[in-house]
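Protein sequences appear in the order of chains C and Z.
Counted the way the numbering used here counts, the first sequence spans residues 690 to 975.
Counted the way the numbering used here counts, the second sequence spans residues 8 to 271.
This report refers to the structure that appears directly beneath it.
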Amino acid sequence: MSEITKSLNPDTKPSGFSFDNAHRNTMIEQAAMSSNAILPMATKTGTTIVGLVYKGGVVLGADTRATGGSEVAEKNCEKIHYMAPNIYCCGAGTAADTEKTTELISSQLELLRMNTGKESRVVTACTMLKRMLFRYQGHISAALVLGGCDVNGPHIYQIYPHGSTGKLPYTTMGSGSLAAMSVFETGWTEGMEEGDAVKLVQRSILAGVFNDLGSGSNCDTCVIRTDGTVQYTRGAVTPNETQPLRDAINHSDRLNMGPGTTVVLDTKFTPRKVSLEDVTVTEMET
Amino acid sequence: MAPFRTQHQTNRNAAGGPSLPMMPPIIHSSEGPVMAKADTIDHGVTEAPYERGFSPYDFNGGTTLAIAGPDYAVVAADTRLSSGYEILSRNVSKLHALTDGCVLGSAGCKTDVDQLRSVLDIKQKIYHHNHRKQMSTPSVAQMLGNTLYYKRFFPYYAFNVLGGVDAEGKGAVYSYDAIGSFERTGYSATGSGQAYIIPLLDNVIGHKNRADENRDLPAEEVVEIVKDAFVTAGERDIYTGDAVEIMVITKDGIQTTTFDLKRD
Numbered sequence: 690m691s692e693i694t695k696s697l698n699p700d701t702k703p704s705g706f707s708f709d710n711a712h713r714n715t716m717i718e719q720a721a722m723s724s725n726a727i728l729p730m731a732t733k734t735g736t737t738i739v740g741l742v743y744k745g746g747v748v749l750g751a752d753t754r755a756t757g758g759s760e761v762a763e764k765n766c767e768k769i770h771y772m773a774p775n776i777y778c779c780g781a782g783t784a785a786d787t788e789k790t791t792e793l794i795s796s797q798l799e800l801l802r803m804n805t806g807k808e809s810r811v812v813t814a815c816t817m818l819k820r821m822l823f824r825y826q827g828h829i830s831a832a833l834v835l836g837g838c839d840v841n842g843p844h845i846y847q848i849y850p851h852g853s854t855g856k857l858p859y860t861t862m863g864s865g866s867l868a869a870m871s872v873f874e875t876g877w878t879e880g881m882e883e884g885d886a887v888k889l890v891q892r893s894i895l896a897g898v899f900n901d902l903g904s905g906s907n908c909d910t911c912v913i914r915t916d917g918t919v920q921y922t923r924g925a926v927t928p929n930e931t932q933p934l935r936d937a938i939n940h941s942d943r944l945n946m947g948p949g950t951t952v953v954l955d956t957k958f959t960p961r962k963v964s965l966e967d968v969t970v971t972e973m974e975t
Numbered sequence: 008m009a010p011f012r013t014q015h016q017t018n019r020n021a022a023g024g025p026s027l028p029m030m031p032p033i034i035h036s037s038e039g040p041v042m043a044k045a046d047t048i049d050h051g052v053t054e055a056p057y058e059r060g061f062s063p064y065d066f067n068g069g070t071t072l073a074i075a076g077p078d079y080a081v082v083a084a085d086t087r088l089s090s091g092y093e094i095l096s097r098n099v100s101k102l103h104a105l106t107d108g109c110v111l112g113s114a115g116c117k118t119d120v121d122q123l124r125s126v127l128d129i130k131q132k133i134y135h136h137n138h139r140k141q142m143s144t145p146s147v148a149q150m151l152g153n154t155l156y157y158k159r160f161f162p163y164y165a166f167n168v169l170g171g172v173d174a175e176g177k178g179a180v181y182s183y184d185a186i187g188s189f190e191r192t193g194y195s196a197t198g199s200g201q202a203y204i205i206p207l208l209d210n211v212i213g214h215k216n217r218a219d220e221n222r223d224l225p226a227e228e229v230v231e232i233v234k235d236a237f238v239t240a241g242e243r244d245i246y247t248g249d250a251v252e253i254m255v256i257t258k259d260g261i262q263t264t265t266f267d268l269k270r271d
């Protein structure tokens with residue numbers, strides 16, 4: 690059933706796997722193999738994402754590089770996504786998948802808050818995410834670090850693209866996860882102070898930024914405290930500013946394109962005439 | 008219709024009596040036991056070979072470029088060595104001076120690059136012994152092209168750019184493909200970041216698509232343009248970064264400078 694026919698025959702009790710796109714997928718596969726057509730590449734985030742539990746809540750961290758193959762598609766993208774006022778989620782894998790998956794569950798959580806009148810719990814978000822990812826059998830390439838504080842305290846979950854989850858005091862995901870985990874394993878202790886926890890998260894992200902080619906640019910952090918306050922810092926650490934490098938170069942004036950650099954073949958100026966003949970006035974009736 | 012009897016096929020052994028049907032052999036490959044197809048003469052080893060998809064090549068990343076001037080040549084390359092998503096070294100040179108008058112810059116598979124350099128050094132030494140003089144840059148260019156074509160059917164995975172001064176002292180740049188096709192050009196870039204640098208050089212050095220006055224650039228200005236080009240390539244190519252090594256070749260010799268790039 691396509692999107693159009695679905696609205697005519699709504700699924701009142703949706704269950705099981707949806708094979709709506711199976712035919713389309715086989716067509717795409719055959720087309721890709723036969724004519725050597727280049728399929729558009731999904732932007733992956735390469736990525737280093739981390740999360741840990743400390744004395745007063747959780748701290749999430751992420752780098753800001755998005756790659757498409759070996760090219761940097763975005764130098765400063767946001768990988769820490771809003772889920773609920775007290776829950777945020779870092780995403781690694783295909784950028785569109787992490788974005789849309791977290792948006793979907795975030796909206797489902799908001800509806801649930803309206804229905805129940807209660808604050809969202811981290812385990813609820815985790816269960817919704819894993820149920821969706823398992824349904825798609827790993828084809829949604831989203832590896833997530835979910836963190837937040839609720840009535841039961843601070844929690845960190847790791848969620849894999851196939852739908853498995855782990856509840857841990859600290860975790861890392863993405864291509865830079867090994868570099869980041871080496872920092873965590875050396876430095877994490879139970880019941881850390883906020884300053885130390887934030888510094889540890891920053892150091893682990895920077896380990897990924899400098900030692901993993903799939904991660905780079907800046908470190909974003911998000912502190913979610915058990916008292917309900919949230920501090921989302923974009924660019925908490927920015928060790929990769931380009932301006933100092935550019936300032937160290939004595940730029941050639943060949944790089945300046947003043948007027949006359951581009952050939953102007955023809956100039957035509959047409960003033961826009963506004964005539965009142967085409968205007969009709971219809972009075973509004975209140 | 009007359010009833011017909013089906014013939015049962017039973018394997019008969021040499022003695023003429025029936026024997027058990029053949030069980031397909033189990034192949035123990037490096038990825039676990041696999042039941043082979045019974046009806047093939049190789050007993051399924053081709054289905055489950057021990058080495059799957061071995062590639063002799065690895066891409067170790069990097070970008071090189073060379074620009075020819077009226078009486079100099081500039082050759083530059085970044086110093087990062089990588090494999091997959093890992094950085095193997097932040098300080099490995101991709102430039103190699105073959106004679107006092109020319110420098111070879113090579114990106115690609117490091118082991119092939121090292122071997123190519125060895126072969127060229129030896130050939131250059133033999134030439135020196137035989138002719139009592141160093142090879143001129145055009146001669147080196149031809150030798151490199153021949154050396155690469157020699158391995159036409161198992162190529163050196165090396166993307167080369169040769170820069171130097173010719174017999175008259177004018178700058179010469181030669182660009183190559185992996186199997187030895189080469190051409191003398193005014194400028195060239197090769198490696199993982201070539202797509203970000205060549206359009207810039209086309210406009211600034213080649214004076215393409217611009218109507219302002221063209222002028223000869225001194226070596227110092229070209230070095231600054233090269234630094235800008237590598238900062239740009241480093242922004243968008245994950246394999247380019249750490250530092251760039253720039254060599255300026257004139258009839259008086261080779262001068263080397265290093266400029267730091269971003270390390271992320």
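Even for Gly, the Cβ is constructed at its ideal location relative to N, Cα and C.
| query | result |
| --- | --- |
| What does a CB cutoff of less than 8 Å around Val761(C) pick up in its chain, not counting 5 residues either side in sequence? | Arg754, Ala755, Gly905 |
| What residues in the region 237 to 266 of chain Z have a beta carbon less than 8 Å from any beta carbon of chain C? | Val238, Glu242, Arg243, Asp244, Ile245, Tyr246, Phe266 |
| For the beta strand (DSSP E) that contains Lys962(C), what are its first and last residues? | Taken as a continuous stretch (DSSP letters only), Lys962(C) belongs to no beta strand (DSSP E), as it is neither H nor E. |
| Got a sec: which bits of the region 897 to 920 of chain C sit with their beta carbon under 8 Å from any beta carbon on chain Z, in order along the chain? | Val898, Phe899, Asn900, Asp901, Leu902, Gly903, Ser904, Gly905, Ser906 |
| For a cutoff of 8 Å on Cβ pairs, would you count Ser782(C) as touching chain Z? | The question names Ser, yet the displayed sequence has Gly at residue 782(C). For Gly782(C), the answer is no, since every Cβ of chain Z falls outside 8 Å of its Cβ. |
| Of all the residues that make up the region 57 to 86 of chain Z, which are near chain C by a beta-carbon distance shorter than 7 Å? | none |
| Can you tell me which of the three DSSP states Cys838(C) falls into? | strand |
| Is the separation between the beta-carbon of Ala250(Z) and that of Leu224(Z) shorter than 8 Å? | no |
| Does DSSP classify Glu252(Z) as helix, strand or coil? | strand |
| Check Gln920(C) in the structure and name its three-state DSSP category. | strand |
| Go ahead and label Ala751(C) buried or exposed: buried means 16 or more other beta carbons lie within 10 angstroms of its beta carbon, across all protein chains shown. | buried |
| Report the residue ranges of all beta strand (DSSP E) runs contained in full by the region 74 to 148 of chain Z; include only those spanning at least 3 residues, in chain order. | 80 to 85, 88 to 90, 93 to 96, 102 to 106, 109 to 115 |
| For the candidate residues Val168(Z), Gly187(Z), Leu169(Z), whose alpha-carbon lies nearest to that of Thr154(Z)? | Gly187(Z) |
| Comparing C-alpha positions only, which one of Gln122(Z), Pro77(Z), Val233(Z), Ala226(Z) sits nearest to Leu151(Z)? | Gln122(Z) |
| Please list the partners that Ile186(Z) has in chain C, where partner means a Cβ-to-Cβ separation under 8 Å. | Within chain C, no residue comes near Ile186(Z); the closest Cβ sits about 22 Å away, beyond 8 Å. |
| Between which two residues does the alpha helix (DSSP H) containing Ala762(C) stretch? | Counting along the chain, Ala762(C) falls outside any alpha helix (DSSP H), though it belongs to the beta strand (DSSP E) covering 760 to 763. |
| Is there a Cβ from chain C that is less than 8 Å from the Cβ of Ala218(Z)? | yes |
| Candidates Ser723(C), Val953(C), His844(C): which alpha carbon is nearest Arg914(C)'s? | His844(C) |
| List the residues of chain Z that His940(C) touches, going by C-beta distances under 8 Å, in chain order. | Glu231, Asp235 |
| If you measure from the beta carbon of Arg124(Z) to each beta carbon in chain C, is any gap under 8 Å? | no |
| Compare the C-beta of Val890(C) with all C-beta atoms of chain Z and state if any pair is closer than 8 Å. | no |
| Do you know offhand how far Leu833(C)'s Cα is from Ile848(C)'s? | 5 Å |
| On the DSSP letters alone, give me the boundaries of the beta strand (DSSP E) that Arg191(Z) sits inside. | 189 to 192 |
| Can you pull the chain C neighbours of Glu228(Z), defined as C-beta to C-beta under 7 Å? | Ser941 |
| For the 8 Å Cβ check, are there 3 or more pairs between the region 866 to 885 of chain C and the region 738 to 746 of chain C? | yes |
| Tell me whether Lys101(Z) is buried or exposed, calling it buried when 16 or more other Cβ atoms sit within 10 Å of its Cβ. | buried |
| Of the residues Phe708(C), Gln719(C), Val739(C), which one's Cα is nearest the Cα of Trp877(C)? | Val739(C) |
| Rounded to whole angstroms, what's the CA-CA distance from Asp219(Z) to Leu208(Z)? Just pull it up for me. | 16 Å |
| Taking the alpha carbon of Val898(C) as the reference point, which residue from Gly193(Z), Tyr92(Z), Asn137(Z), Met142(Z) has its own alpha carbon closest? | Tyr92(Z) |
| Output needed for Thr71(Z): all residues of its chain with C-beta closer than 6 Å, excluding positions within five of it in sequence on either side, in chain order. | Ala84, Lys101, Gly112, Ala114, Val168, Thr197, Gly198 |
| Can you name, in chain order, every residue of its own chain whose Cβ lies under 6 Å from the Cβ of Tyr183(Z), other than the five neighbours on each side? | Asn167, Phe189 |
| Flag Glu760(C) as yes if its beta-carbon sits less than 8 Å from any beta-carbon of chain Z, otherwise no. | yes |
| Using only the alpha-carbon positions, how far apart do Gly757(C) and Tyr777(C) sit? | 25 Å |
| Would you mind reading off the limits of the alpha helix (DSSP H) that contains Gln932(C)? | 932 to 936 |
| Quickly, what does DSSP pair Ile913(C) with across the bridge? List them, please. | Val747(C), Val919(C) |
| Please list the partners that Asp271(Z) has in chain C, where partner means a Cβ-to-Cβ separation under 8 Å. | Arg754, Val898, Phe899, Ser904, Gly905, Ser906, Pro928, Asn929 |
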